[in-house]
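Okay, structure first, notes after.
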Amino acid sequence: MKGRIAVIAGDGIGPDITQEALAVLNQVAQTFGHEFETAGYLAGGAALDVHNTPLPEETLEGCKSSDAVLLGSLGGPKWDTAPSHLRPEQGLLGLRGGLGLFCNLRPAIMYKQLSGACPLKAEVVGEDLDIMVVRELTGGIYFGARARDEAGAYDTMSYTKAEIERILRKGFEIAGKRSKRLCSVDKANILSSSQLWRDTANALAGEYPDVELSHLYVDNAAMQLVRNPRQFDVIVTENMFGDILSDEASQITGSIGMLPSASLREDSFGMYEPIHGSAPDIAGKDLANPIAMILSVAMMLRHTFGLNEEAVAIEEAIGRVLDEGYRTADIYSPGMTRIGTGEMGRRIADAL
Ligand SMILES: NC(=O)c1ccc[n+]([C@@H]2O[C@H](COP(=O)([O-])OP(=O)(O)OC[C@H]3O[C@@H](n4cnc5c(N)ncnc54)[C@H](O)[C@@H]3O)[C@@H](O)[C@H]2O)c1
14 MKGRIAVIAG
24 DGIGPDITQE
34 ALAVLNQVAQ
44 TFGHEFETAG
54 YLAGGAALDV
64 HNTPLPEETL
74 EGCKSSDAVL
84 LGSLGGPKWD
94 TAPSHLRPEQ
104 GLLGLRGGLG
114 LFCNLRPAIM
124 YKQLSGACPL
134 KAEVVGEDLD
144 IMVVRELTGG
154 IYFGARARDE
164 AGAYDTMSYT
174 KAEIERILRK
184 GFEIAGKRSK
194 RLCSVDKANI
204 LSSSQLWRDT
214 ANALAGEYPD
224 VELSHLYVDN
234 AAMQLVRNPR
244 QFDVIVTENM
254 FGDILSDEAS
264 QITGSIGMLP
274 SASLREDSFG
284 MYEPIHGSAP
294 DIAGKDLANP
304 IAMILSVAMM
314 LRHTFGLNEE
324 AVAIEEAIGR
334 VLDEGYRTAD
344 IYSPGMTRIG
354 TGEMGRRIAD
364 AL
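Each step along the sequence shown adds one to the number in our numbering, with nothing skipped, and position 325 is 338.
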């Protein structure tokens with residue numbers, strides 16, 4: 014198999030963890046006989062410094078002409094005072110919108126080796142928590158009209174029926190391949206866009222008779238996630254609710270440094286990135302956990318290239334390194350062996 018991958022290492026710890034992810038990808042290519050051509054591009058703060066824009070045209074074009082994008086992380090305090098259209102986050106929104114990535118998959122999986130890091134009681138969370146949050150990514154309040162003046166400010170949450178339907182279909186399809194339970198989260202007691210969301214979900218349910226659809230208001234969903242997370246398998250929701258709930262779900266698993274994400278559209282193209290940010294406090298110090306980024310490579314192999322065996326090999330290699338007791342600082346606990354970003358990456362590549 015041959016593949017072309019656009020690589021945006023980005024800011025903060027982005028370059029640290031991207032280097033390790035590419036080493037693991039290289040190992041997969043060697044072990045399984047694939048050829049992955051990678052090309053590096055700038056976005057976020059790194060692009061602002063060079064091109065005075067968070068998303069240069071050549072980056073977007075380079076991504077469009079690739080099979081997949083691997084993204085480290087964008088942003089940092091250096092660019093926090095920039096005007097809103099010149100903030101690194103605009104690079105991320107521009108990539109999502111410009112590449113049409115409407116479906117964000119954020120798995121929250123608790124590794125049995127790290128169960129001690131979970132902030133909830135063991136009897137609440139169980140041993141094998143595995144929740145998939147399916148988040149709409151190119152609509153809603155992050156993309157709606159907004160304005161601010163002296164007197165006030167507003168943001169707009171708007172959705173077309175077609176936008177809602179296509180993400181709900183993804184939710185039904187993913188639930189169909191897992192436990193066949195889909196929880197749709199909205200705020201239909203107040204918001205018009207949520208009422209359309211709920212009506213559309215109910216109308217689609219008949220087409221997926223093997224999937225059991227339930228609904229929760231977002232405030233209740235946030236509460237249920239910490240009260241009884243095991244009731245969830247697949248959650249589907251709009252952009253901002255998904256942003257918040259997936260961060261909450263990730264914290265239940267213990268470390269933000271362990272969780273990948275995929276942003277997809279209808280074809281096999283996807284952008285893959287860890288759910289965490291650029292962690293400027295630990296950038297360049299060999300302290301970052303590269304596992305979320307390496308798991309993002311596994312998601313890429315599975316969703317874009319259809320290489321499930323290779324994806325499983327990466328996941329199992331990570332499991333073996335954790336079983337051997339190796340931990341980066343964020344997941345360290347007494348009795349384990351503390352290692353840095355580079356050694357964690359090397360050990361995972363070796364375990365492959
Ligand atoms: N997708 C993205 O690129 C993305 C997402 C979120 C935040 N950001 C940006 O990142 C910057 C920092 O944001 P933040 O501090 O709110 O969130 P963050 O995720 O960068 O950091 C939160 C905490 O988690 C730690 N952390 C994060 N990733 C880690 C890893 N892999 N290994 C070990 N520890 C890790 C950090 O050291 C920090 O203490 C901001 O500029 C923000 O806008 C970018």
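Quick reminder that beta carbons are idealized off the backbone N, C-alpha and C, glycines included.
In this structure, the straight-line span from the alpha carbon of T72 to that of N65 is close to 13 Å.
Using a cutoff of 6 Å, the CB of G355 does not count as near ligand 1, since none of the ligand's heavy atoms is closer than that. V63 and A19 do not touch by the CB rule: their CB atoms are close to 17 Å apart, not below 8 Å. Where M349 is concerned, there is no enclosing beta strand (DSSP E), because DSSP gives it neither an H nor an E. For N117, the secondary structure class from DSSP, reduced to helix, strand or coil, is strand.
At a cut-off of 6 Å, the beta-carbon of H289 counts as near ligand 1: some heavy atom of the ligand is closer than that.
Fewer than three beta-carbon pairs drawn from the stretch 165-175 and the stretch 289-296 are found closer than 8 Å, and the two stretches are therefore not classed as touching. Remark: the C-beta of D299 is outside contact range of ligand 1, defined as less than 6 Å to any heavy atom. When the five nearest sequence neighbours on each side are left out, the beta carbons in the same chain lying within less than 7 Å of the beta carbon of K183 are those of C116, V147, in order along the chain.
Around the beta carbon of T250, a 10 Å sphere encloses 16 or more other beta carbons of the protein chains shown; the residue is thus reported as buried. Taking a cut-off of 8 Å for Cβ pairs, the stretch 299-315 and the stretch 269-289 touch, as three or more such pairs fall below it. With respect to the C-alpha of P242, the residue from T44, D141, R179, Q43 having the closest C-alpha is D141. Rounded to whole angstroms, E102 and G57 show a C-alpha spacing of 7 Å. The beta carbon of E176 sits closer than 6 Å to the beta carbons of G152 from its chain, once the five residues preceding and following it are set aside; these are given in chain order. Counting only the Cα atoms, G23 lies some 11 Å from E286. Taking 6 Å as the cut-off, one finds at least one heavy atom of ligand 1 near enough to the beta carbon of L87.
With 16 or more other Cβ atoms inside 10 Å of its own Cβ, S291 counts as buried. Straight through space, the alpha carbons of P347 and D80 are spaced by roughly 42 Å. Boundaries of the beta strand (DSSP E) around H228: 225-230. Within 10 angstroms of the beta-carbon of R211 lie 16 or more other beta-carbons, which makes it buried. Across the set V239, H47, M357, the C-alpha of H47 shows the shortest separation from the C-alpha of M14.
Distances between the C-beta of A292 and the heavy atoms of ligand 1 include at least one below 6 Å. Judged by DSSP in its simplified three-state form, A130 adopts helix. When C-alpha distances from S192 are compared across A59, A160, Q244, the shortest belongs to Q244. With a cutoff of 7 Å on beta-carbon distance, E323 and V37 are scored as not near each other. Annotated as proximal: S276 and L150, with beta-carbon spacing under 7 Å. About 5 Å separates the beta carbons of R333 and A364, which is inside the 8 Å limit, making them a contact pair.
Along the length of the stretch 316-347, whole alpha helix (DSSP H) runs at least 4 residues long occupy 321-336, reported in chain order.
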